Structures are given as structure tokens and as C-alpha cells.
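Asks:
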Amino acid sequence: MNDRDGSNRRRVAIYARVSTFDKGQNPETQLRELRRYAEARDFLVAHELVDIASGTRDTRPNYRVLFDLARKRAVDIVLVWRYDRFARSTQALVNALVEFRDLGVDFISYQENIDTSSPQGKMVFAIMASLAEFESALISERVKAGMARARAEGIRIGRPKVPESVKQRIASLKRSDPARSVRAISREVGVSVGTVAKCLKEGGGAGTPVVTVT
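Residue numbering for the sequence shown follows this note's numbering, starting at 2 and increasing by one per position.
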């Protein structure tokens, strides 16, 4: 694939991430090594993307930008420092690699020396995908077994019932002002919009019509 300078150099997007909990970590440390790697392999560095991520919230805007570039075929390779700097779980990593593969974008993890364009990289990816599928199936079976055990012990599965006092409050607010919106009642009572709508639909609104959520 030709790039902008008319050569056949493959376009690479470098992605680096550091956490707010990584004391003393600087994304430039990752970027510097990744640039050297790209130069050694004669890649054209088309994009450099950095996210400073919290350990509790998945706020990574440039992670999304990276996928947008791949979907637009604006890059040929995604180069990252290592797996855990890119994906938060094995399943998330596998999902990303599947999408990249389908888009014709190769993936390289520098620290693990994994390149999905190579036979070894393809083999590692296949193993990881199998492990992720096994893990997902195992979790699903455990959840099903736990729910079956709970039912056998008479434990109710599902959301807890809405207290009668809450239903009465919702009904009272609706009766006092039939034009009051579901969202307004939700804010006043302190429950979800869905809970309010359900209570009104089940008769908590004393026959008053459910208004549009605004």
C-alpha cells in the first residue's frame, strides 16, 4: 500500500498509555522506543497517540481514535508498548485483534515481540483467542450453575422488587400532576426512569397515562 510520500513504506500508528497510578511514568519513554523500532523496520510513523488513563475509569479517547484510523484504512500497523498498556483484559485484546485482522491491519506488541503478520504471531493470536473463548464459556457455566443453585434454595433471581412505599409515592406524584414527566418523577423519588415507567404501567399511576420522558 502506498503512503503519502509515494513509497511503499507501511504506515504505523504508535499507541502509548500510562496510568495515573504509574508514578514517574512518562509516555515519552514508550514512544521513544517504539519510534526506534518503527525506524529499524522502515515503517512510516503516520500517527502517535497517547492516553493518560485512570485505573478506575476507562477514559481513553485516543484508543477510540486508533480504531477510527484502522476503520478508515488510514494505517497498516498498530504498534503498542505491551499488551497491558493496550487492553484491559485478554478478551478485550482478542476482540481488538479480531477487528484489526478483519480490517487488514497488523498488530505489534513491542515488549512481547508479537507481530500478527508473522506465522508466530498468528499462532499466538490463535492460542489467545482459544483461551479467551474457554474463559468466557467457563464463566458462563459458573453463572448458570450459581443461578440454578440459588433457585433450588428458593432465592429469587433478578432485580429486587420496588418497595410499596416507592410505588405509592410515584402514584401520588402522578395523580397530583398528570402532566408531570416520568423523568421528573424519577428525579424526585430517586429511582430510575425505567422503574417509574414500569410502576405507572403496572397501575401505580392510578390509571393516568404515562407521559413522554423528557
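Where is the CB? At the ideal position from N, CA and C, for every residue including glycine.
Every value quoted in this text rests on a predicted model; they were computed, and no experiment measured them.
1. Any contact of the region 137 to 146 with the region 161 to 176, i.e. 3+ C-beta pairs under 8 Å?
2. Leaving out five residues on either side along the sequence, give the residues of the same chain with a beta carbon under 7 Å from the beta carbon of E113.
3. How long is the line joining the alpha carbons of K168 and K145, rounded to whole angstroms?
4. Quick check on DSSP: helix, strand or coil for D107?
5. Which value, in whole angstroms, describes the spacing of the CA atoms of T209 and G155?
6. Would you mind sorting A198 into buried or exposed? The rule is 16 or more other CB atoms within 10 Å of its CB.
7. In the DSSP assignment, what residue or residues form a beta bridge with Y16?
8. If you draw a straight line from the C-alpha of K123 to the C-alpha of G147, how long is it?
9. If you follow the alpha helix (DSSP H) that F68 is in, where does it begin and where does it stop?
10. Give the range of the alpha helix (DSSP H) segment to which G191 is assigned.
11. Tell me the rounded alpha-carbon separation between A41 and G195.
12. In this structure, how does DSSP classify I156 when only helix, strand and coil are distinguished?
13. Within this structure, are the beta carbons of D52 and R18 separated by less than 9 Å?
14. Does the beta-carbon of L80 have 16 or more other beta-carbons within 10 angstroms, so that it is buried, or is it exposed?
15. Measuring CB atoms only, is the region 26 to 36 touching the region 60 to 76, in the sense that at least three cross pairs come out at less than 8 Å?
16. How many angstroms separate the CA atom of T215 from the CA atom of K202?
Replies: If we stick to the structure as given:
1. Contact between the region 137 to 146 and the region 161 to 176 is absent, because fewer than three Cβ pairs lie under 8 Å.
2. Counting only Cβ-Cβ distances below 7 Å, and skipping sequence neighbours, we find R83, Y84.
3. About 32 Å.
4. Strand, per DSSP.
5. Unreliable positioning characterises T209 in this predicted model, as indicated by a pLDDT of 43, which lies under 50. The coordinate reading is nonetheless provided below. Each residue's Cα considered, the two are about 36 Å apart.
6. By the 10 Å Cβ count, A198 comes out buried.
7. DSSP lists L50, V81 as partners of Y16.
8. Cα to Cα, K123 sits roughly 36 Å from G147.
9. Start and end: 62 to 72.
10. From DSSP, G191 is part of no alpha helix (DSSP H); its letter is neither H nor E.
11. Rounded to whole angstroms, A41 to G195 spans 56 Å at the Cα level.
12. If DSSP states are grouped into helix, strand and coil, I156 belongs with coil.
13. With contacts defined by Cβ atoms closer than 9 Å, D52 and R18 form a contacting pair.
14. It counts as buried.
15. Contact between the region 26 to 36 and the region 60 to 76 is absent: fewer than three C-beta pairs spanning the two stretches fall below 8 Å.
16. Confidence at T215 is low in this model, with a pLDDT of 48, below 50, so its placement is unreliable and the value that follows should be read with caution. Cα atoms of T215 and K202: separation of roughly 17 Å, rounded to the nearest angstrom.
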